[in-house]
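All the letters of the sequence shown, read from the start, carry residue numbers 3 to 122 under our numbering. We treat Cβ as the ideally placed atom computed from N, Cα and C, and that holds for glycine. All remarks here apply to the structure that follows.
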Amino acid sequence: MTTPLRLALATLAATLSPLAFAHASLVESFPAKGQILTGSPAEIHLTFNEHVEPRFCRIKLVSDAGKNFDADRPSADKTRPNAIVAAVPVLKPGTYSARWTAVGSDGHKTHGDFSFTIAK
Ligand SMILES: [Cu+2]
3 MTTPLRLALA TLAATLSPLA FAHASLVESF PAKGQILTGS PAEIHLTFNE HVEPRFCRIK
63 LVSDAGKNFD ADRPSADKTR PNAIVAAVPV LKPGTYSARW TAVGSDGHKT HGDFSFTIAK
């Protein structure tokens, strides 16, 4: 490989790598990871490190007994940048896993999960 070509490739790699890591990741949520609530939350909100497309995002809640409680379709949370909000059904006391899928403005899909508890 010639030196100019090697240089060109190194420059290209340096240019592309920040994009490769620019996927949406969760920064903050309500309920927060591990949070213990005194009642069912009316909604869930998720804040990401970058803009996400709410219509392509999903939030699913799974109880510790394995029952699914899907949140409504998320919409943009106008009170927080890069955040989505979704109404959730009334939840009984217990621990729930919130499983989210998000699509960033670059079209890349990411997912994750966290748990929270509703006290008896
Ligand atoms: Cu990406």
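Relative to ligand 1, residue 113 has its C-beta separated by 7 Å or more from all heavy atoms.
Here the C-alpha atom of residue 105 lies approximately 18 Å from the C-alpha atom of residue 80. Restricting attention to beta strand (DSSP E) runs no shorter than 3 residues, the region 38-112 encloses them at 45-50, 60-65, 70-72, 85-89 and 96-105, ordered along the chain. Distance between residue 101 and residue 122, taken at the CA atoms: about 22 Å. Per the coordinates, the alpha-carbon of residue 54 lies some 31 Å from the alpha-carbon of residue 67.
By a beta-carbon distance limit of 8 Å, residue 120 does not contact residue 36. Their separation comes to about 13 Å.
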